[in-house]
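Peer 1: First, the structure itself, so that you have it in front of you.
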Amino acid sequence: MQGRVIVVGGGVVGVSCAYELAARSVEVVLLERTTLASGASRGNAGTVSAGHPPLNKPGRVPQAIRQMGDPSSPLYIQPRWDPALWKWLADFVRYCTDQHVEAAMGVMAPLGLEALAAFERILAAETIDCGYRAAGYFDVCATERGLEGAWHEAEIIQRHGYHPEKLDGRGLRAAEPALTEDVLGGVYFPEAATLDPYAFVVGLANAARKLGARLQEGAPVTELLTRSGRVTGVRLADGSVVAADAVAWATGPYDLGLVERTGVRLPVQPGKGYHRDIRVGPRGAPPMRIACVLNEASVFCTPMRGFVRFAGTMEFSGLNDVMRRERLEQLTTAAARYLPGLGDDEPISEWCGLRPMAVDGLPIVGLVPGVERVAVATGHGMLGLTLGPVSGRIVADLLIDGTTDSRWAPLGPERFG
Ligand SMILES: Cc1cc2nc3c(=O)[nH]c(=O)nc-3n(C[C@H](O)[C@H](O)[C@H](O)COP(=O)(O)OP(=O)(O)OC[C@H]3O[C@@H](n4cnc5c(N)ncnc54)[C@H](O)[C@@H]3O)c2cc1C
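14 is the number of the first residue of the sequence shown in my numbering; add one for each residue after it.
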């Protein structure tokens, strides 16, 4: 393609777009309002987890109602006047059907396999020291209800070409001795990997730079500029204009209103999550062999380099980075019930970030109708690390060739009307 592409947003999705475009010899300028990987891409759980059903599924609503009455639950909806959030929640509920799960899996299952392939391809081509480990992870259950749900999900995933393995408590403990005797069982997902997400984004950004991309930090975009149905560039907060022939909008949950001015609807809410990193040691985290998600608590425990990252919770409280102590503490309190060796050492890092939660649980990746050569890539929810690189590839296809693999058509923003 002739001309310059601007990528707005320097999280895993934006950096992946910049990398894929630069790899195809396109002139790329990435504009990041603060620093690279300053959003959810910095401190997430670091799992590349392919092929899972969306968050919207039957049973989700009764589960949410049960959780809302429980102060220790992973879900928190701040009571406040926010019509956009209430509309989003009402629409979210409408997608919680078996038909939606099946339709979503028709896209997410092949997309997940492409996502894994994208990581393997990038990590083979570039030197990115991010501790990538393709060893899978365990879904660990301590209750009958949790186990039933996990096994049901494993069956869905299996029908779509993946190879999850059901395990009883003994099998789980043999594989991960850090777990308590009380776990009932779970599932091993072999088609998954773990990595340090911040190191990955920074490494990929360096690789994009080597391919010729210009990555500018401290550059907040305040307007998408168009003329006669074509994009002409963007305006920055200091009033300056950067001209472009195409734009990829990858701002996570932020500033989507700037694209919605073109007429497209992007129903995304910020879903806050937290992490606590605890160093491995006699008074800290047990040395875990492999990542585990603690099913009932929805806490990921990912062994990274010298520490274990405990990450989770889903808090709907708007676009803010306020850290609630009780949510942070909940991560390790819940984890201690599954990992008796977890001590009370001070965390080496505490963090929160906002997931871009699309109302139907599918990422929003496609061309914006109504303006030529504007692509959007947001709404990746709990899977933005997993789907970042493959989304970058889809955006590059769309902006360079005007089209992409037809299997990804259901991800386009026009689905919301
Ligand atoms: C606790 C937690 C655990 C998670 N675990 C996993 C996991 O294990 N696996 C997984 O796949 N996903 C996981 N996720 C989800 C994943 O982190 C997100 O989906 C992903 O990081 C979203 O990436 P993004 O690039 O779309 O958004 P972001 O990371 O938010 O990046 C957007 C960037 O755009 C910039 N920006 C915004 N507005 C503008 C503007 N106007 N101009 C310029 N720049 C702008 C922001 O500063 C930011 O840097 C987790 C998330 C959380 C919170």
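Beta carbons: idealized from backbone N, C-alpha and C, even for Gly.
This one's a predicted model, so the numbers in the text were calculated from it and none came from an experiment.
1) Look up Cys-305 in the DSSP assignment and give the residues it is bridged to.
2) For Gln-91, which residues of its own chain have a beta-carbon under 8 Å away from its beta-carbon, when the five flanking residues on both sides are left out?
3) Just to confirm the assignment: which complete alpha helix (DSSP H) runs, minimum length 4, are found wholly within the region 351-428?
4) Quick check on DSSP: helix, strand or coil for Glu-342?
5) Which of helix, strand or coil does DSSP assign to Pro-283?
6) Any heavy atom of ligand 3 closer than 7 Å to the CB of Val-26?
7) Hey, how far is the Cα of Phe-132 from the Cα of Thr-391?
8) What does DSSP give as the partner residue(s) for Glu-328 in the beta ladder?
9) At a threshold of 7 Å, does Phe-429 count as lining ligand 1 (C-beta to nearest heavy atom)?
10) Evaluate Asn-57 with the Cβ neighbour count: other Cβ atoms within 10 Å of its Cβ, from every protein chain shown; 16 or more gives buried, anything less gives exposed.
11) Please go through the same chain and pick out, in chain order, the residues whose beta-carbon is closer than 6 Å to the beta-carbon of Glu-178, but skip the five residues on each side of it.
12) Is Gly-182 helix, strand or coil when you go by DSSP?
13) Please determine, among Ala-257, Ala-77, Gly-52, His-176, the residue with the shortest C-alpha to C-alpha distance to Arg-240.
14) Verify the contact flag: Met-121, CB atom, against every heavy atom of ligand 1, threshold strictly below 7 Å.
15) By DSSP, does Arg-46 sit in helix, in strand, or in coil?
16) The beta strand (DSSP E) with Ala-256 in it runs from where to where?
17) On the DSSP bridge assignment, give the partners of Trp-262 in chain order.
18) Who are Asp-290's beta bridge partners in DSSP?
19) Among all the DSSP beta bridges, which residues are the ones paired with Val-247?
20) Measure the beta-carbon distance from Ala-31 to Leu-237 and round it to whole angstroms, keeping in mind my assumption that it falls under 8 Å.
21) What residue range does the beta strand (DSSP E) around Tyr-108 cover?
22) Say yes only if the C-beta of Ala-131 is nearer than 7 Å to one or more non-hydrogen atoms of ligand 1, and no if none qualify.
23) Trp-94: buried (16+ other C-beta within 10 angstroms of its C-beta) or exposed?
24) Closer than 7 Å to a non-hydrogen atom of ligand 1 - does that hold for the CB of Pro-190?
25) Going by the beta-carbon positions, is the gap between Val-41 and Val-20 smaller than 8 Å?
26) Considering just the uninterrupted stretch of the beta strand (DSSP E) at Gly-198, what are its terminal residues?
27) Helix or strand or just coil, what does DSSP make of Ser-54?
28) How about the region 307-324 and the region 242-260: do they share at least three Cβ pairs that are nearer than 8 Å?
29) Within 10 Å of its beta-carbon, does Ile-170 have 16 or more other beta-carbons around it, so buried, or fewer, so exposed?
30) Please report the straight-line C-alpha distance between Tyr-145 and Arg-55, rounded to a whole angstrom.
31) Can you have a look at Pro-369 and say buried or exposed, based on whether 16 or more other CB atoms are within 10 angstroms of its CB?
32) Hey, how far is the Cα of Gln-282 from the Cα of Val-312?
33) Output the boundary residues of the beta strand (DSSP E) element that contains Arg-227.
34) Could you check whether Arg-322 and Glu-189 sit closer than 8 Å to each other, using their CB atoms as the reference points?
35) Confirm, please, whether the CB-CB distance from Ala-63 to Leu-129 is below 8 Å.
36) For His-65, verify whether its CB is less than 7 Å away from any heavy atom of ligand 1.
Peer 2: With the structure as the only source:
1) Phe-151, Cys-314
2) Glu-328, Phe-329, Ser-330, Gly-331
3) 397-414
4) helix
5) strand
6) The ligand content of the structure shown is limited to ligand 1, which means ligand 3 is not among them.
7) 19 Å
8) Tyr-89, Lys-285
9) no
10) buried
11) Tyr-201
12) helix
13) Ala-257
14) no
15) coil
16) 254-256
17) Val-21, Val-389
18) Arg-322, Ser-362
19) Leu-237, Val-255
20) That belief does not hold up - the Cβ atoms of Ala-31 and Leu-237 are roughly 18 Å apart, past 8 Å.
21) Segment: none, Tyr-108 is in no beta strand (DSSP E) and carries neither H nor E.
22) no
23) exposed
24) no
25) yes
26) 198-202
27) helix
28) no
29) buried
30) 16 Å
31) buried
32) 21 Å
33) 227-229
34) no
35) yes
36) no
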